[in-house]
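Each protein sequence line maps, in turn, to chains G and R.
For the first sequence, counting from 1, position 144 maps to 144 in the numbering used here; every step adds exactly one.
In the numbering used here, each residue's number is its place in the second sequence (first place is 1) plus 1000.
Think of the CB as a built atom: it goes at the ideal place given N, C-alpha and C, for glycine as much as any other residue.
Small disclaimer: the values here were computed from a predicted structure and weren't measured.
What follows is a set of notes on a single structure, which appears directly below.
Protein chains: 2
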Amino acid sequence: MDAVLGGLRAEARTIDQYMQEDLARLEPAMDARLLEVLNYGLFNGGKRVRPLLAMFASRLCGNTDREVYKLGCAFEYLHAATLFHDDIIDNSETRRGKQSVFKKFGITAAILAGDFLHALAMATVGELAGVEGLRIFCNATTGMVDGEFMQLRNAERHNLSELDYNDAIMGKTGLLIAAACEIGAVYGRGSAQQVAALREYGVSLGCAFQIVDDLLDYLGDPVKTGKTTGNDLVEGKITLPLILTMNAAREGDKARLLSILADKSERIAHFPEVCALVAKYDGFAAARKRAETAVANAVRSLTLFTGQDVLHERTLLEGLAGYVLAREK
Amino acid sequence: MDAVLGGLRAEARTIDQYMQEDLARLEPAMDARLLEVLNYGLFNGGKRVRPLLAMFASRLCGNTDREVYKLGCAFEYLHAATLFHDDIIDNSETRRGKQSVFKKFGITAAILAGDFLHALAMATVGELAGVEGLRIFCNATTGMVDGEFMQLRNAERHNLSELDYNDAIMGKTGLLIAAACEIGAVYGRGSAQQVAALREYGVSLGCAFQIVDDLLDYLGDPVKTGKTTGNDLVEGKITLPLILTMNAAREGDKARLLSILADKSERIAHFPEVCALVAKYDGFAAARKRAETAVANAVRSLTLFTGQDVLHERTLLEGLAGYVLAREK
């Protein structure tokens, strides 16, 4: 695992270099403040998961060029753009332990810099992955927006089904991760079967990623994650551990959970009680099981790639899937 | 002029039909609230200037297909996306006499629906005008953002030059109008010379359009424009009439204007006095002269198109340029 992580970190640093070069290229025609906002918002210790996925997917299909790093940047640009805008929407003070772009530079800068990165991302994908790549990328973007509207609609609904949850995490995480894998494969001139397999890998990986994220919100170590636990409960966000608990719980316990959720000001005080109820019905273990199944699906999608020449890339993507389960932050 | 306007209005209605069809196509996969926001924000009596420009530019280069209406829609989508976001930034209550999207549906919906239209616009241009069209479109978008940052930087500078002003109006209006003309020409498979001429037409037209807009902010009839006069002065926005007046004014008058501008709370009370000073130095007439020159440049760019088969389109584009000068709202 350590060798895999080391390899991923080295590639992530190369992605950062390409982003730096891209900004340097744009700098002469760019307002200094805009550049400052982009530098602040883009280089914040992100793991560059989406760029890495696009790159490895492309290599797995046989591509060996270095332009793929530029393609990778597009996914970080779009990801950052959505974070800039989401932090306004959620009124988030911090992001990765630093002030959010919105808090540091104001709402105007956060909206506009997000729009800038949005356009830069689209231009990059269009240039490198052509109209087919752009179509996938834009569909992921509109799908993400649609998912956010769905979340707004469900914001104060506490009887969500596992199906609702799956829809929500696709919009939040799965679509962009799947698009990174699929577009990487398109860029690498993969066959239709290869493109579909890598998309499938991305969908499964994205779901696992978000389930683990939601588990960390209950069980994470704040020292490692950099954020307190219980945020989802406080905001009334019903995630998989709670859904599975409600499905399994006896009437009395279910009613108790719903009554805690119903009173917004009470939620934080009852976080330990909610955790105990979820643990009682094995909600955490069951959610983790779902993540493991998704990771297993992701890894199985890669069995199509049997060539010795791409064994390294396949191993890295398998390692990335394993890392999603192992991560503590 | 009336025949031209009638022809334009009929084409604008067809654009509206294509946008309706586009939304109907997307509806099955779209949250109902998102659809409501898009319907509200897109169909608000807009004149569809940008779509019309893209269409006529394309036809002027010899294109005769009806897909060009779809291409036109992309410019209205991007335009609407920028308005959704700008109304948040400017905290605007109204837009075309109705509540702004931001005021009616909230900041979250306005940000997200703007992002949705942004992606839809990019996908449409990529699909129809290819990677070259997309590159122009994205450059216009990033340039518009850059222009807004520049405006923020200049927000409380009252000694702007005519050059600063020209930069600002390019970002605000010129870039997207020029992109509509240029991409229309690319879509219509125009020669490099034709593409350049139509871009030039767009740049000049965009400048004239914005100068007239800024004149209407001083001299418009609120009944016709649907908004009060003096907004730019109140917000401390230094537009062409004021710049030309400052350039021409005697020291005492210039100092008086700067002292009025320096005290934000005093500006509205002194609007009549500012108007009188601008009139004294022929600032309105000089600004109008600039708009007329820009329109003449725009019309001159069209002289490249001599074919009898495109005489109608050329006449419409000339008419549109004339309309920019004649418009009262």
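CB contact flag (residue i, residue j, <8 Å)
i	j	result
G114 (chain G)	H85 (chain G)	yes
M246 (chain G)	K254 (chain G)	yes
V1324 (chain R)	F1209 (chain R)	yes
G188 (chain G)	R66 (chain G)	no
G202 (chain G)	C61 (chain G)	no
P241 (chain G)	V278 (chain G)	yes
G1230 (chain R)	L1053 (chain R)	no
R1327 (chain R)	V1212 (chain R)	yes
G130 (chain G)	V1131 (chain R)	yes
T1225 (chain R)	L1233 (chain R)	no
N1154 (chain R)	D1164 (chain R)	yes
I1243 (chain R)	L1205 (chain R)	no
Y1077 (chain R)	T1014 (chain R)	no
S92 (chain G)	A197 (chain G)	no
L152 (chain G)	T1108 (chain R)	yes
A168 (chain G)	M144 (chain G)	no
F105 (chain G)	V37 (chain G)	yes
C-beta neighbour in chain G for residue i, strict 8 Å
i	result
E1127 (chain R)	yes
L1112 (chain R)	yes
F1116 (chain R)	yes
T1108 (chain R)	yes
A1054 (chain R)	no
A1123 (chain R)	yes
Buried or exposed (CB count within 10 angstroms, at least 16 for buried), residue i
i	result
L258 (chain G)	exposed
N39 (chain G)	exposed
K1264 (chain R)	exposed
A285 (chain G)	exposed
L112 (chain G)	buried
L1311 (chain R)	exposed
E27 (chain G)	exposed
E251 (chain G)	exposed
G45 (chain G)	exposed
D1309 (chain R)	exposed
P1222 (chain R)	exposed
G1171 (chain R)	buried
E1156 (chain R)	exposed
D1002 (chain R)	exposed
D214 (chain G)	buried
A1024 (chain R)	exposed
Cβ-heavy atom distance, residue i to the ligand GDP, below 7 Å
i	result
A1054 (chain R)	The ligand GDP is absent from the structure shown, which contains no ligand whatsoever.
Below-8 Å beta-carbon distance, residue i vs any chain R residue
i	result
A179 (chain G)	no
M246 (chain G)	no
M19 (chain G)	no
L120 (chain G)	yes
A155 (chain G)	no
Reduced DSSP category for residue i - H, G, I as helix; E, B as strand; rest coil
i	result
K70 (chain G)	helix
L1228 (chain R)	The amino acid at residue 1228 (chain R) is misidentified as Leu; the sequence shows Thr. In the structure shown, T1228 (chain R) sits in coil (DSSP, three-state: anything other than H, G, I, E or B).
R199 (chain G)	helix
R1327 (chain R)	coil
K1098 (chain R)	strand
S1092 (chain R)	coil
F43 (chain G)	coil
S1161 (chain R)	coil
R9 (chain G)	helix
S1058 (chain R)	helix
R1267 (chain R)	coil
N166 (chain G)	helix
T1306 (chain R)	coil
K1172 (chain R)	helix
I1238 (chain R)	coil
D146 (chain G)	helix
T141 (chain G)	helix
N1154 (chain R)	coil
S1204 (chain R)	helix
N63 (chain G)	coil
Report the residues of the segment 1125-1153 of chain R with a CB closer than 7 Å to any CB of chain G, ordered along the chain. G1126, E1127, G1130, V1131, L1134, R1135, C1138, T1141, T1142, V1145, D1146, E1148, F1149, M1150, L1152 and R1153
Which residues, in chain order, does the segment 23-34 of chain G contribute to contact with chain R at a C-beta distance below 9 Å? L26, A29, M30, D31, A32, R33 and L34
Relative to chain R, which residues along the segment 161-176 of chain G have a C-beta separation below 7 Å, given in chain order? none
Give the residues from the segment 1078-1096 of chain R that approach chain G closer than 7 Å (Cβ to any Cβ), ordered along the chain. H1085, I1088 and I1089
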